[in-house]
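Chemist: Below are the structure tokens for one structure; questions will follow.
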Amino acid sequence: MTYCQYEVKEMLDRAMERMREQFKAEGRLEGKREGRLEGKREGRLEGKREGRLEGLEEGVFKGKAEALIMLLENRFAPLTVEEKERLFQLTHEKLVDLLIKLYTIDNIDVFWREIETH
């Protein structure tokens with residue numbers, strides 16, 4: 275191999291190495307971009323799932339509170355706005371407990387005492 279051929283080969287090797295490094299860098303950037311996009315997509319999907327679940331749980335809770343209000347008003351007397359708001363402040367577990375106990379409670383005063391004891 276002549277000196278000139280050697281020089282040409284070295285220049286080509288260096289050029290190829292620079293191109294490899296450039297392609298690697300571009301590949302990393304593209305990978306990061308795709309990763310960010312995928313992360314955003316997954317984040318949006320997860321957010322939607324969590325939102326639906328929270329909405330469903332809130333709907334179930336609200337339905338139980340409204341059912342309890344309806345049963346109390348049918349069994350005893352209309353409730354005041356404050357009494358209704360008080361029922362909406364209870365925990366899900368307490369609402370379920372009160373829905374079950376409602377059938378053994380004889381008057382509305384006993385019902386409100388039941389709330390205060392727990």
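Residue numbers (the working numbering): 275 to 392. Even glycine gets a Cβ: it sits at the ideal position worked out from N, Cα and C.
1) Given Lys358, which residues of its chain have a CB within under 6 Å of its CB, disregarding the five upstream and five downstream residues?
2) Judging by CA-CA distance, which residue of Leu353, Val355 and Glu388 is the nearest neighbour of Leu369?
3) In or out: Leu346 buried (at least 16 other Cβ within 10 Å) or exposed?
4) Given Lys338, which residues of its chain have a CB within under 8 Å of its CB, disregarding the five upstream and five downstream residues?
5) Output the residue ranges of the alpha helix (DSSP H) runs that lie fully inside the stretch 282-342 and measure 4 residues or longer, sorted by chain position.
6) Less than 8 Å between the CB atoms is what I'm expecting for Ile379 and Ala351, so what's the real figure, rounded?
7) Take Phe362 and list the residues in its own chain whose beta-carbon comes closer than 7 Å to its own, dropping the five residues that flank it on each side.
8) Work out the CA separation of Arg294 and Glu304 for me, nearest whole Å.
9) From the DSSP output, in three-state form, read off Gln363 for me.
10) Indicate the three-state DSSP secondary structure (helix, strand or coil) for Met344 in the structure shown.
Modeler: Based on what the coordinates show:
1) Along the sequence shown, one-based indexing puts residue 358 at 84. Counting only Cβ-Cβ distances below 6 Å, and skipping sequence neighbours, we find Ile343.
2) Locating residue 369 in the sequence shown gives position 95, counting from the first residue. If we check each option's Cα against that of Leu369, Glu388 comes out closest.
3) Within the sequence shown, the letter at position 72 stands for residue 346. Answer is buried; the Cβ neighbour count reaches 16.
4) What you label residue 338 is simply residue 64 of the sequence shown in a count that begins at 1. For Lys338, same chain residues with a beta-carbon under 8 Å away, outside a window of 5 residues either side, are His366, Leu369, Val370 and Leu373 in chain order.
5) None, since the stretch 282-342 contains no complete alpha helix (DSSP H) of that length.
6) Taking the first residue of the sequence shown as position 1, residue 379 is located at position 105. Taking the first residue of the sequence shown as position 1, residue 351 is located at position 77. Incorrect: roughly 14 Å between the Cβ atoms, too far for contact.
7) Along the sequence shown, one-based indexing puts residue 362 at 88. Here the set comprises Ala339.
8) By one-based count along the sequence shown, residue 304 stands at place 30. By one-based count along the sequence shown, residue 294 stands at place 20. Cα to Cα, the separation comes out at about 15 Å.
9) Working through the sequence shown from its first residue, we reach residue 363 at position 89. The answer is coil: DSSP assigns Gln363 none of H, G, I, E or B.
10) Position 70 of the sequence shown, counting from 1, holds the residue named residue 344. Correct three-state label for Met344: helix.
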